[in-house]
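Colleague:
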Amino acid sequence: MTREITYVEAIAEAIDEELERDDDVILFGEDVEEFGGNFGETEGLYKKHGRDRVRNTPLSEIGIAGMALGAAVGGIRPVAELQFADFAATAGDEVFNQIPKQPYVSGGQIEAPLTIFAPSGAGIGAGAQHSQSVHSWLGNVPGWVVVTATTPYDAKGLFKSAIRDDNPVFFLPHKMLSETKGEVPDEEYTLPLGEAAVEEDGEDVTVVATQLMFHRAKEAAAEVDADVEIVNPRTFAPLDTETIAESVRKTGRLVVVDETVERYGTQGHIANEIVENDFFSLDAPPKTIGVKDIPIPLSPPLEQEALPSADRIADGIESLF
Amino acid sequence: MTQNVSVDDDMARDLLEEMLRIDIFEEETKERFGEGEIPGFVHLSGGHEGSHVGMGAAMRDDDWLAVGGARLIGQYIAKGVPLPDIMAELYGRVGGSNKGHGGQMHVSDIDRKLYGHAATIGSGQNPAVGLGLAEEMKGTDNVAVTTIGDGGTSRGSFHTALVFAAYWDLPVVFVIENNQWAISTPSESLSPDSLSDYGIPHNMPTESIDGSDVEEVYRAVSEAIERARNGEGPSVIESRVVRLVPHFEGDKETYRDEEEYEQLKEEKDPIGNYRERLLENDVVTEAEIEDMITNIESEVEEAVEFARESPEPEPEAAYDHVYRTPLYGQGE
Ligand SMILES: Cc1ncc(C[n+]2csc(CCOP(=O)(O)OP(=O)(O)O)c2C)c(N)n1
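Keeping their order, the protein sequence lines are chains X and W. If you're matching positions, the first sequence starts at 309 in this note's numbering and goes up one per residue. If you're matching positions, the second sequence starts at 2 in this note's numbering and goes up one per residue.
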């Protein structure tokens, strides 16, 4: 049986069920108690699980991320929220140097089964320091499992797996999807990390897209005169290159759309994997589409200019034929 | 004037022996580094031995240590990591505590509750707070001790850790080993009278002690740990020591006043002073000390042998330990 719930409801359900299932799971972050998170993603959890398990922290991402690392090494499973993904940078050392590296430099002794989650992405006019998509920053540091969610179904199943995974996982919901609804099973379920999903079958061209861009890619697919296959990577690091390659072997064409900036974004890496390993299955050069190489501006028309639109994606698809 | 000994004779001898162990191990490390056998940098602890050993003695095996500052090896030894494991790690060999993935700045030994070191100075304190939180959540009375140098206290991360530890009254003991230098920058120029004053706005118990006196460190850290165990929250201790060695091997120390340096060596050498004190109080004899030294020398020699004989890691081992696989939900 399924029912329709919103993306943030799916997130809250995932945390709720994991808090219930495993006493070692705790949730902390800024304003996760009564306030319930900026988007409602932690609503109700404090009331149900109490202050030992759901804790407001002082305002410091360094403290949140650093404490999560120690708590995980100490044998509990912290789920820590940063209010915006951009703030991965305010905990720069913890996020780039400590969490992904301590397990490695310890020669595998240190286990850091923590999850940091942080709403990412543009579209609500939040400006240059509250709108970034940071999965290319994080994907750049081996040691993080980097996960995004596109639908409520994804959000719940992937978040639960993130919490259960023994690696540090950075989970990036998208703010623009907060209120989107989708079908989610009544029964408990998880989705595998590290595996891409073919969301729409098609014969002519593979479009790789997640989060908001997935939804725009679907609109674009309806506009173009081609049979589009859409692959949702779900996990950016480590990347399931095989599922993408398999799709390109079938379609012969590749468009990668993502909300990271075009300059050194994820698009280039994904396209490169195919160019290097499956060049002869390509009938056209791959097309990469991302955020223009500018900070995200505030005014809605400017912000939309920075983001890939359904039209830009459609043009990108058509340019390959 | 003869100073009394405040601990029982066995313990006093153990304290001296452990300081000598650090000293002899590090002298050998210096030699081996000089001969090109040890890669990377080497930071030695000369002058900090009393602080390391007093702190180690105050801790239970089940208490966490998160090492900070740049004086590391002595702390690993004080936490009870076997010398061969440390030496082989300095060599980057398979037999090292971290199988060669860590090196001098990252020796960790999770079974012995040594978290290791955050080589970006000052980034180990928030994880220490998390370790304290984990112990509390698990219902133990174990504590987390975390060290930092005077230099590291200038980082926001250090101050954040104080905020977080105080916020939940967590069982964390912050030990600031103030050796008066952050490489060439003097701690004198920092505003607090004592660096432990950084705990005052958080209403934490603070104390500034002579960290070159091993018994004084043992006393102060024991008291702070006791408070933490009893649910009375975090403390900050400034352990005033001197750095009787260069910042790292190869540092020419052009910034130091030679006369003052010589005087400090005379007055603040924790090992020489303690040795005299125990002799004057008839706790040990010269012969016993000589025995200790001989025994430690052979332990250290064995550690070097172990390191030399331990294989270099296979290049493919570089790919180990990045992720624990399978990821959740993937086929087992
Ligand atoms: C965040 C950071 N900044 C700079 C350095 C380079 N560095 C290594 S040790 C050191 C001085 C540390 O001084 P202090 O904290 O007083 O420790 P001590 O060397 O006295 O033990 C510096 C600047 C570093 N490792 N990490």
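Heads up, the beta-carbon is just placed ideally off N, CA and C, and yes, glycines get one too. Please read these numbers as outputs of a predicted model, since none were measured by experiment.
Indicate whether X/L499 and X/G465 have their beta-carbon atoms separated by less than 8 angstroms.
Modeller: One-based indexing of the first sequence puts residue 499 of chain X at position 191. One-based indexing of the first sequence puts residue 465 of chain X at position 157. Contact flag set, yes.
Colleague: Report, in whole angstroms, the separation of the C-beta atoms of X/E611 and X/G431, which I expect to be a contact under 8 angstroms.
Modeller: Looking up residue 611 of chain X in the first sequence gives position 303. Looking up residue 431 of chain X in the first sequence gives position 123. At roughly 7 angstroms, the Cβ-Cβ gap stays under 8 angstroms, so X/E611 and X/G431 are in contact.
Colleague: With a threshold of 7 angstroms, establish whether the CB of W/E178 neighbours any heavy atom of ligand 1.
Modeller: Mapped onto the second sequence, residue 178 of chain W falls at position 177. Checking every heavy atom of ligand 1 against the Cβ of W/E178, one is found closer than 7 angstroms.
Colleague: Taking the CB atoms as reference points, tell me whether W/A162 and W/A129 lie closer together than 8 angstroms.
Modeller: Along the second sequence, read from residue 1 onward, the residue named residue 162 of chain W stands at position 161. Along the second sequence, read from residue 1 onward, the residue named residue 129 of chain W stands at position 128. Cβ atoms of W/A162 and W/A129: closer than 8 angstroms.
Colleague: What is the C-beta distance between W/Q331 and X/G502, in whole angstroms, given that I count them as a contact (C-beta under 8 angstroms)?
Modeller: Mapped onto the second sequence, residue 331 of chain W falls at position 330. Mapped onto the first sequence, residue 502 of chain X falls at position 194. Correct: roughly 6 angstroms between the Cβ atoms.
Colleague: Per DSSP, X/V403 is paired with what?
Modeller: Here residue 403 of chain X refers to the residue found at position 95 of the first sequence. In the DSSP output, where bridge partners are listed per residue, X/V403 has none listed.
Colleague: Look up X/E491 in the DSSP assignment and say whether it is helix, strand or coil.
Modeller: Translated into positions along the first sequence, residue 491 of chain X becomes position 183. It is a strand residue.
Colleague: I want to see whether chain W comes within less than 8 angstroms of X/T518, judged by CB atoms only; does it?
Modeller: Here residue 518 of chain X refers to the residue found at position 210 when the first sequence is read from its first residue. Not one chain W Cβ lies under 8 angstroms of X/T518.
Colleague: Nearest by alpha-carbon distance to X/I407: which of X/I384, X/A393 and X/M375 is it?
Modeller: Stepping through the first sequence from its first residue, residue 407 of chain X is reached at position 99. Closest option to X/I407, Cα to Cα, is X/M375.
Colleague: Taking any Cβ of chain X, which residues in the region 80 to 107 of chain W have a Cβ under 9 angstroms from it, in chain order?
Modeller: Result list: E90, G97, S98, N99, K100, G101, H102, G103, G104, M106 and H107.
Colleague: Could you tell me which residues DSSP pairs with W/E178 in its beta bridges?
Modeller: Here residue 178 of chain W is taken as the residue at index 177 of the second sequence, counted from 1. The partner list for W/E178 (beta bridge, DSSP) reads W/G150 and W/S240.
Colleague: Residues in the same chain with beta-carbon distance under 7 angstroms from X/D601, minus the five sequence neighbours each way, listed in chain order, please.
Modeller: On the first sequence, residue 601 of chain X is found 293 positions in, with the first residue counted as 1. Closer than 7 angstroms at the Cβ level, and outside the excluded window around X/D601, lie V569, E570 and R571.
Colleague: Find the nearest neighbour of W/V146 within the set W/H102, W/V215, W/G75 and W/D64, judged by alpha-carbon distance.
Modeller: Start at 1 with the first residue of the second sequence, and residue 146 of chain W comes out as number 145. Minimum Cα distance to W/V146 is reached at W/D64.
Colleague: Evaluate X/A592 with the Cβ neighbour count: other Cβ atoms within 10 Å of its Cβ, from every protein chain shown; 16 or more gives buried, anything less gives exposed.
Modeller: Counting from one through the first sequence, the residue named residue 592 of chain X turns up at place 284. Under this definition X/A592 is an exposed residue.
Colleague: Measure the C-alpha to C-alpha separation of X/E633 and W/D24 and round it to an integer number of angstroms.
Modeller: With chain X covering only 309 through 629, there is no way to say anything about residue 633 of chain X.
Colleague: Name the residue from W/I149, W/W182 and W/E224 whose alpha carbon lies nearest to the alpha carbon of W/F249.
Modeller: Position 248 of the second sequence, counting from 1, holds the residue named residue 249 of chain W. Measuring from the Cα of W/F249, the nearest candidate turns out to be W/W182.
Colleague: Can you pull the chain W residues whose beta carbon is under 7 angstroms from the beta carbon of X/Y412, in chain order?
Modeller: Here residue 412 of chain X refers to the residue found at position 104 of the first sequence. Within 7 angstroms Cβ-Cβ: H102, H322 and V323.
Colleague: With a 10 Å radius around its C-beta and 16 neighbouring C-beta atoms as the bar for buried, classify X/F578 as buried or exposed.
Modeller: Taking the first residue of the first sequence as 1, we reach residue 578 of chain X at position 270. The sequence given here has Ile at residue 578 of chain X, not Phe. Flag for X/I578 reads buried.
Colleague: Please name the residue or residues paired with X/F479 in a DSSP beta bridge.
Modeller: As a working mapping, residue 479 of chain X is identified with position 171 in the first sequence. DSSP, once it has assigned bridges, lists X/F425 and X/V455 as partnering X/F479.
Colleague: Less than 8 angstroms between the CB atoms is what I'm expecting for X/G344 and X/I372, so what's the real figure, rounded?
Modeller: Against the first sequence, residue 344 of chain X aligns to sequence position 36. Against the first sequence, residue 372 of chain X aligns to sequence position 64. Between X/I372 and X/G344 the Cβ distance is about 17 angstroms, and since that is not below 8 angstroms, they are no contact.
Colleague: In chain X, which residues lie less than 9 angstroms from W/S213 when you measure between Cβ atoms?
Modeller: Taking the first residue of the second sequence as position 1, residue 213 of chain W is located at position 212. Simply none; closest approach about 30 angstroms.
Colleague: Is any heavy atom in ligand 1 found nearer than 7 angstroms to the beta carbon of W/R72?
Modeller: Counted from its first residue, the second sequence places residue 72 of chain W at position 71. Yes - ligand 1 has a heavy atom lying nearer than 7 angstroms to the Cβ of W/R72.
Colleague: Starting from W/E136, find everything on chain X with Cβ-Cβ shorter than 7 angstroms and list it in chain order.
Modeller: Residue mapping note: residue 136 of chain W aligns to position 135 of the second sequence, counting from 1. Here the neighbours are G382.
Colleague: Can you list the residues of chain W that X/G416 reaches, using a CB-CB cut of under 9 angstroms?
Modeller: Along the first sequence, one-based indexing puts residue 416 of chain X at 108. Those are N99, K100, H102, D321, H322 and R325, listed as they occur along chain W.
Colleague: I'd like the list of long-range same chain contacts for X/F392, defined as Cβ closer than 7 angstroms, with 5 residues on each side in sequence excluded.
Modeller: One-based indexing of the first sequence puts residue 392 of chain X at position 84. A426, P427 and H438.
Colleague: Would you say X/L485 lies against chain W (beta-carbon separation less than 8 angstroms)?
Modeller: Indexing the first sequence from 1 puts residue 485 of chain X at position 177. X/L485 does not count as touching chain W.
Colleague: Taking the runs of the alpha helix (DSSP H) that are 4 residues or longer, which of them lie wholly in the region 522 to 608 of chain X?
Modeller: DSSP runs (the alpha helix (DSSP H)) wholly in the region 522 to 608 of chain X: 549 to 559 and 574 to 586.
Colleague: Count the C-beta pairs between the region 300 to 311 of chain W and the region 86 to 93 of chain W that are closer than 8 angstroms, then say yes if the count reaches three, no if not.
Modeller: In short, these stretches touch, since the Cβ pair count reaches three.
Colleague: Check for me: the alpha helix (DSSP H) holding W/H160 runs from which residue to which?
Modeller: For this step, residue 160 of chain W is matched to residue 159 along the second sequence. Taken as a continuous stretch (DSSP letters only), the alpha helix (DSSP H) holding W/H160 covers G157 to Y168.
Colleague: Relative to ligand 1, is the shortest distance from any of its heavy atoms to the C-beta of W/D252 smaller than 7 angstroms?
Modeller: Residue 252 of chain W sits at position 251 when you count from the first residue of the second sequence. No, ligand 1 has no heavy atom inside 7 angstroms of this Cβ.
Colleague: Please name the residue in X/N580, X/T549, X/S469 and X/A504 whose C-alpha comes closest to that of W/L328.
Modeller: Residue 328 of chain W sits at position 327 when you count from the first residue of the second sequence. Ranking the options by Cα distance to W/L328, first place goes to X/S469.
Colleague: Strictly by DSSP, which residues pair up with X/E389?
Modeller: In the first sequence, residue 389 of chain X corresponds to position 81, counting from 1. DSSP lists X/G337 and X/F425 as partners of X/E389.
Colleague: Going by the C-beta, is W/R257 closer than 7 angstroms to any heavy atom of ligand 1?
Modeller: As a working note, residue 257 of chain W is residue 256 in the second sequence. It does not: the Cβ of W/R257 is nowhere closer than 7 angstroms to a heavy atom of ligand 1.
Colleague: Put W/S223 into one of helix, strand or coil per three-state DSSP.
Modeller: Taking the second sequence and counting its residues from 1, one reaches residue 223 of chain W at position 222. DSSP places W/S223 in helix when its eight states are reduced to three.
Colleague: Taking three-plus beta-carbon pairs below 8 angstroms as touching, is the region 134 to 149 of chain W in contact with the region 219 to 233 of chain W?
Modeller: At 8 angstroms Cβ cutoff, the stretches touch.
Colleague: For the region 213 to 221 of chain W against the region 53 to 71 of chain W, are there 3 or more C-beta pairs whose distance is under 8 angstroms?
Modeller: With the cut-off at 8 angstroms, the region 213 to 221 of chain W and the region 53 to 71 of chain W touch.
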